[in-house]
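In UniProt numbering, the protein residues as written are 1 to 193.
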């Protein structure tokens, strides 16, 4: 179980790092995230910026807790991640149920994908994994680790976390091409070369 816990900790950590950094990478990204909170109609417009700061702060705290090599502290980080994911899921369920066409800015300003069922499923699965790893960590169901196993588990967590963070882009790759939209075959900067 110790390798699964390590992998999950890296997975959750990667998701939260990418989410926090994506939101604050530029003023434009943070503004897009703040605007998306207003569009969700979950908080009063006057406190949307404060809510955005609170979300990013909570994501950063989770990341910091997950990095601490003390099992109890990391376990608290995993529980915190699960709580945040459940809150995010409840918000997304409300948005989907109302039929609001809000864009997912979970990982910053780049996505144009509307919030939907896949975001709910993603968050529920991540919350479940975080709670599973938290249980193992807090009940000390983990034992000593071999360095090679640690590296493999960490890399697997990083890889899966990166894929989770890029889920909207991955889904977009498999979306049918709109016949009314022109397809560009060359990068604009490389035309004529």
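We treat Cβ as the ideally placed atom computed from N, Cα and C, and that holds for glycine. Computed from a predicted model, the values in this text were never measured in an experiment.
For residue j and residue i, the rounded distance between their alpha carbons
{"i": "residue 37", "j": "residue 51", "result": "8 Å"}
{"i": "residue 146", "j": "residue 152", "result": "10 Å"}
{"i": "residue 19", "j": "residue 155", "result": "19 Å"}
{"i": "residue 119", "j": "residue 83", "result": "16 Å"}
{"i": "residue 150", "j": "residue 6", "result": "7 Å"}
{"i": "residue 114", "j": "residue 96", "result": "9 Å"}
{"i": "residue 21", "j": "residue 175", "result": "27 Å"}
{"i": "residue 24", "j": "residue 48", "result": "15 Å"}
{"i": "residue 46", "j": "residue 57", "result": "19 Å"}
{"i": "residue 135", "j": "residue 11", "result": "16 Å"}
{"i": "residue 117", "j": "residue 89", "result": "10 Å"}
{"i": "residue 125", "j": "residue 165", "result": "13 Å"}
{"i": "residue 42", "j": "residue 91", "result": "7 Å"}
{"i": "residue 160", "j": "residue 144", "result": "23 Å"}
{"i": "residue 122", "j": "residue 74", "result": "22 Å"}
{"i": "residue 67", "j": "residue 80", "result": "13 Å"}
{"i": "residue 64", "j": "residue 17", "result": "9 Å"}
{"i": "residue 179", "j": "residue 100", "result": "27 Å"}
{"i": "residue 44", "j": "residue 162", "result": "32 Å"}
{"i": "residue 173", "j": "residue 110", "result": "15 Å"}
{"i": "residue 87", "j": "residue 98", "result": "17 Å"}
Given residue i as reference, the closest of the options once Cα atoms are compared
{"i": "residue 77", "options": "175, 140, 156 and 130", "result": "130"}
{"i": "residue 8", "options": "165, 168, 164 and 157", "result": "157"}
{"i": "residue 30", "options": "92, 64, 108 and 17", "result": "108"}
{"i": "residue 1", "options": "178, 168, 133 and 179", "result": "133"}
{"i": "residue 54", "options": "70, 73, 100 and 33", "result": "33"}
{"i": "residue 139", "options": "59, 71 and 66", "result": "71"}
{"i": "residue 13", "options": "43, 4 and 59", "result": "59"}
{"i": "residue 35", "options": "65, 103 and 127", "result": "103"}
{"i": "residue 105", "options": "178, 4, 172 and 168", "result": "168"}
{"i": "residue 3", "options": "137, 173, 100 and 101", "result": "137"}
{"i": "residue 85", "options": "128, 112, 100 and 17", "result": "128"}
{"i": "residue 62", "options": "15, 99, 93 and 40", "result": "15"}
{"i": "residue 112", "options": "170, 27 and 17", "result": "170"}
{"i": "residue 39", "options": "27, 69, 94 and 26", "result": "94"}
Sheet register partners of residue i (DSSP bridge)
{"i": "residue 71", "result": "Paired residue(s): none; residue 71 is not in a bridge."}
{"i": "residue 103", "result": "114"}
Unbroken alpha helix (DSSP H) run spanning residue i, endpoints
{"i": "residue 175", "result": "That residue, residue 175, is in no alpha helix (DSSP H); it is neither H nor E in DSSP."}
{"i": "residue 164", "result": "147-165"}
Below-8 Å beta-carbon distance, residue i vs any chain B residue
{"i": "residue 52", "result": "No chain B appears in the structure shown, which is made up of a single protein chain."}
(message) List, from N- to C-terminal side, the alpha helix (DSSP H) runs of 4 residues or more that fit wholly inside the segment 1-49.
(response) Here the runs fully enclosed are 2-24 and 27-40.
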